[in-house]
Amino acid sequence: MLTDLPLTPDKPISLGVQQFCETCRRCLENCQAHAISENRTAEAITASNNSGIMKWQVDGEKCFRFWSENGVDCSVCIKVCPFNRKE
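Residue 0 is where the sequence shown starts when you use numbering that gives the first Met the number 0, and the numbers rise one by one after that.
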């Protein structure tokens with residue numbers, strides 16, 4: 000989103016998602032392509048990643064290769080994530 004409104008910087012708000020993900024690991028454990036990094040890192044693991052952002056990196060090339068070899072999309076990581084479910 001781009002804006003020219005004058006904004007005052009504030010501190011980030013923690014919603015607890017990062018802490019939850021550190022213990023949940025459902026996406027990592029269910030990824031048949033083994034495309035999700037086990038540990039958070041700011042280092043890019045493939046050309047499609049942005050370095051400098053601390054996160055669980057996803058190897059998009061490995062994920063896409065898995066899709067291609069199986070002839071269908073996967074999205075298991077999204078399906079098993081509790082934060083992607085309606086309550």
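Backbone N, C-alpha and C define an ideal beta-carbon position, used for all residues, glycine too.
This structure is a prediction, so every number in the text was calculated from the model and none was measured.
On the criterion of 16 or more Cβ atoms from any shown chain inside 10 Å, does residue i qualify as buried, or is it exposed?
{"i": "D72", "result": "exposed"}
{"i": "Q31", "result": "exposed"}
{"i": "N49", "result": "exposed"}
{"i": "Q56", "result": "buried"}
Rounded to a whole number of angstroms, what is the C-alpha to C-alpha distance between residue i and residue j?
{"i": "I44", "j": "G59", "result": "9 Å"}
{"i": "H33", "j": "R84", "result": "23 Å"}
{"i": "I77", "j": "P8", "result": "32 Å"}
{"i": "Q68", "j": "C62", "result": "Checking the sequence, you will find Glu at residue 68 rather than Gln. Spanning the two alpha carbons is a distance of roughly 10 Å."}
{"i": "C80", "j": "C26", "result": "6 Å"}
{"i": "M0", "j": "L6", "result": "13 Å"}
{"i": "E42", "j": "I35", "result": "13 Å"}
Quick check on the DSSP output: the alpha helix (DSSP H) that includes residue i runs from which residue to which?
{"i": "N29", "result": "R25 to N29"}
{"i": "K85", "result": "No alpha helix (DSSP H) contains K85, which DSSP labels as neither H nor E."}
{"i": "W66", "result": "G59 to N69"}
{"i": "I77", "result": "V75 to V79"}
Tell me, which residues are paired with residue i by DSSP?
{"i": "I35", "result": "V57"}
{"i": "T40", "result": "K54"}
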